[in-house]
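A.B. asks:
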Amino acid sequence: HHRILGLMTTQMHKHLHMMAGSPEDDGDTTVITDVKPKTKRPPLYKVMLLNDDYTPMEFVVHVLERFFGLNHAQAFEIMLTVHKKGLAVVGVFSHEIAETKVA
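This note's numbering numbers the first residue of the sequence shown as 3 and each following residue consecutively.
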């Protein structure tokens, strides 16, 4: 975000500088207001939980409650889905947040 804002500031500065130094400057001043950079939402990533033969079900429920903010019923349901189907989507996050969930 800082780069976009910095770029916008630089472009605005150049524009204003060119306007002030133009030969046909008649003393009229222009005020630029409400300049918003065009931003798009970041891509989202699914964090998936895969089944294995080693992790106890109780531990999976605990991790889902502690790190994903799920209540016990939600965590238990996801754990059962992983147990039965082999995997489940735990959440959908931006890249930065998804990385913190799998670290």
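Even for Gly, the Cβ is constructed at its ideal location relative to N, Cα and C.
Looking at the secondary structure, which residues open and close the beta strand (DSSP E) in which A105 lies?
C.D. replies: Here A105 belongs to no beta strand (DSSP E), and DSSP marks it neither H nor E.
A.B. asks: Please determine whether the Cβ atom of L72 lies at a distance below 7 Å from any heavy atom of the ligand GDP.
C.D. replies: As far as ligands go, the structure on display features none, and thus does not contain the ligand GDP.
A.B. asks: With a threshold of 6 Å on Cβ separation, who are the neighbours of S96 within its own chain once the five nearest residues in sequence on each side are excluded?
C.D. replies: P44.
A.B. asks: Given a threshold of 16 other Cβ atoms within 10 Å of its Cβ, counted over all protein chains shown, does V63 qualify as buried or as exposed?
C.D. replies: Buried: at least 16 other Cβ atoms inside 10 Å.
A.B. asks: Given this structure, state the Cα-to-Cα distance separating K48 from L66, to the nearest angstrom.
C.D. replies: Cα to Cα, K48 sits roughly 15 Å from L66.
A.B. asks: Identify whether K42 lies in helix, strand or coil by the three-state DSSP scheme.
C.D. replies: Reduced to three states, the DSSP call for K42 is coil.
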